[in-house]
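Chemist: Just passing along the structure, written as structure tokens.
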Amino acid sequence: MASNPREPGEGVAPSVLVVILNWNGWSDTLVSVESVLRLDYPNFRVLLIDNGSVDGSVAHLRTIRDSRVELLELPENRGFAGGCNEGFKRALATGAQYVWLVNSDVVIEDRGTLSSLVALAESDPKIGLATPRIAERGEGLHFSFCGGICCIDPPVWDHTSDPEEACRWTREYPHAGLVVGTAMLVRTSLIREIGMLDESFFAYFEDNDYSFRSSQAGYRNVVDRNSVVRHETKDPIATPWSMKPHWCYYTVRNECRFWRKHLGLIRALKVLRWDLLRTLRRLRIYKDYPEAADATLAGLWHGWTNRGGPYRPEYRMPKLLAAAIMRFCIVKADA
4 MASNPREPGE GVAPSVLVVI LNWNGWSDTL VSVESVLRLD YPNFRVLLID
54 NGSVDGSVAH LRTIRDSRVE LLELPENRGF AGGCNEGFKR ALATGAQYVW
104 LVNSDVVIED RGTLSSLVAL AESDPKIGLA TPRIAERGEG LHFSFCGGIC
154 CIDPPVWDHT SDPEEACRWT REYPHAGLVV GTAMLVRTSL IREIGMLDES
204 FFAYFEDNDY SFRSSQAGYR NVVDRNSVVR HETKDPIATP WSMKPHWCYY
254 TVRNECRFWR KHLGLIRALK VLRWDLLRTL RRLRIYKDYP EAADATLAGL
304 WHGWTNRGGP YRPEYRMPKL LAAAIMRFCI VKADA
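Structure (structure tokens):
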């Protein structure tokens, strides 16, 4: 975690391309774009990317009338990683110094948010990624993200909503900061050095992967304590019925794939054991929600077999293995 040491200096402010990815959610996206356009930062443009929506989003997004906004229509869903990579490419081609990835359901209340983030990034050329703190939508200031860690020695990743814990992690893991993709500011020189987001993840955990790759390249990933954005976060434990199957699939699969990618299969086995135990606890909760359970089992299977790409509703773990795991979970839940 880091504080904002100063405001942008004299002269031309660094150019920022704000990338907002829409997928079948034009109503939230319009609200998010409106909040971005209210920012006081003097040198930004918005690239609004429709990621192959099928809900009529494009017609609504075309109603935006602001010279700072460009709409890019992708013919198919490329996932969060693939869609954002189109924004990375545009930033590199146009000479932007930063890309700010903003989720389509993020709302920015403080007009100075981007100014604060850029000032923090400009204070140290080795800051590769930066993020504001993330709070829940609604009244009050209830944080969902204040900082995180991601490293392989020791193998650990986690994030916290506790500001004090985030500060402690920063002291203990100064070179292993985790920046989530919700509102991630990316230095374009970092993109040139380490490449694009890994599209095989498709969605979820690509930010963990990018944070780790940034750290490995010698950059710092930091949280700006002076800025906050709002974002609705669902709890898979408290509200299991609200979790969509694709979320259940990607989060389980991609955590497995992350450890296999960076540790190799043999070294990853211990970590994957912890991941399996956590997934089994989740399955006990999902036993009454078959769509979530099936997607979670499929994600577990594809994670262990190292399969990437987009989720399909017909994906299933082999029947006998799935039945044995669910039987085990139900017995444990009833015990």
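Numbering-wise, the sequence shown is residues 4 to 338 according to my numbering. A virtual CB, placed ideally from N, CA and C, is assigned to each residue, including glycine.
1) Count the CB pairs spanning the segment 204-222 and the segment 109-118 that are closer than 8 Å, and state whether there are at least three.
2) Candidates 145, 291, 323: which alpha carbon is nearest residue 383's?
3) Where does residue 47 fall in DSSP's three states?
4) At which residues does the beta strand (DSSP E) containing residue 27 begin and terminate?
5) Reducing DSSP to helix, strand and coil, say where residue 233 ends up.
6) Considering only residues of the same chain and omitting the five flanking positions on each side of residue 197, which have a CB-CB separation below 6 Å?
7) Going by DSSP, what residue range makes up the alpha helix (DSSP H) through residue 210?
8) Assign residue 54 to one of three DSSP states: helix, strand, or coil.
9) Can you give the Cα-Cα distance for residue 183 and residue 230, rounded to whole angstroms?
10) Give the DSSP-derived three-state secondary structure of residue 87 in the structure shown.
11) How many angstroms separate the CA atom of residue 38 from the CA atom of residue 268?
12) Using the beta-carbon count (16 or more within 10 Å), is residue 201 buried or exposed?
13) By how many angstroms is the C-alpha of residue 151 removed from the C-alpha of residue 175?
14) Taking only the alpha-carbon atoms, compute the straight-line gap between residue 9 and residue 226 and give it to the nearest angstrom.
15) Who are the near neighbours of residue 159 in its chain, counting only those whose CB is closer than 7 Å to its CB and skipping five residues on each side?
16) Using a 10 Å radius around the Cβ and a threshold of 16 neighbouring Cβ atoms, would you call residue 280 buried or exposed?
17) In this structure, what does DSSP give as the bridge partners for residue 238?
18) I'd like the span of the alpha helix (DSSP H) that includes residue 64, first residue to last.
19) Can you look up residue 138 in the DSSP assignment and give me helix, strand or coil?
20) Return the chain-ordered list of same chain residues with a C-beta closer than 7 Å to the C-beta of residue 43, the five sequence neighbours on each side being excluded.
21) Which whole-angstrom value is the C-beta distance of residue 49 and residue 72, which I expect to be below 8 Å?
22) Pull up the distance between the alpha-carbon of residue 31 and that of residue 110, whole angstroms please.
23) For the putative contact between residue 98 and residue 18, defined by C-beta atoms under 8 Å, what is the C-beta separation to the nearest angstrom?
24) Here's a check: name, in chain order, each residue in its chain whose Cβ is nearer than 7 Å to the Cβ of residue 6, leaving out the five neighbours to either side.
25) DSSP state of residue 317, grouped into three classes?
26) Are the CB atoms of residue 120 and residue 74 within a distance shorter than 7 Å?
27) When burial is assigned at 16 or more other CB atoms within 10 Å of the CB, is residue 12 buried or exposed?
28) Considering only C-alpha positions, which residue in the set 274, 294, 272 is nearest to residue 244?
29) Does the separation of the CB atoms of residue 271 and residue 260 fall below 7 Å?
Modeler: By the coordinates alone:
1) no
2) An answer regarding residue 383 cannot be provided, because it is not within the stretch 4 to 338 covered by the chain.
3) strand
4) Unbroken run through residue 27: none, as it is neither H nor E.
5) strand
6) The answer, listed in chain order, is 216, 220.
7) 209-219
8) strand
9) 15 Å
10) Here residue 87 sits in helix by DSSP.
11) 44 Å
12) Within 10 angstroms of the beta-carbon of residue 201 lie 16 or more other beta-carbons, which makes it buried.
13) 11 Å
14) For residue 9, the pLDDT reaches just 38, beneath the cut-off of 50, and the residue's location in the model is therefore unreliable, although a value from the coordinates is still provided. Distance between the alpha carbons of residue 9 and residue 226: 15 Å.
15) 152
16) exposed
17) Paired residues: none, contrary to the question.
18) 60-64
19) strand
20) Here the set comprises 114, 115, 118.
21) Their Cβ separation, rounded to whole angstroms, is 5 Å, which keeps residue 49 and residue 72 in contact under 8 Å.
22) 9 Å
23) 7 Å
24) With a pLDDT of 45 at residue 6, under the threshold of 50, the modelled position of that residue is not reliable, and no figure is offered here.
25) Judged by DSSP in its simplified three-state form, residue 317 adopts coil rather than helix or strand.
26) no
27) Because residue 12 sits at a pLDDT of 47, beneath the cut-off of 50, its placement in the model cannot be relied upon, and the following sentence gives the value as read from the coordinates. Classification of residue 12: exposed, given that the 10 Å Cβ count is below 16.
28) Closest by alpha carbon: 294.
29) no
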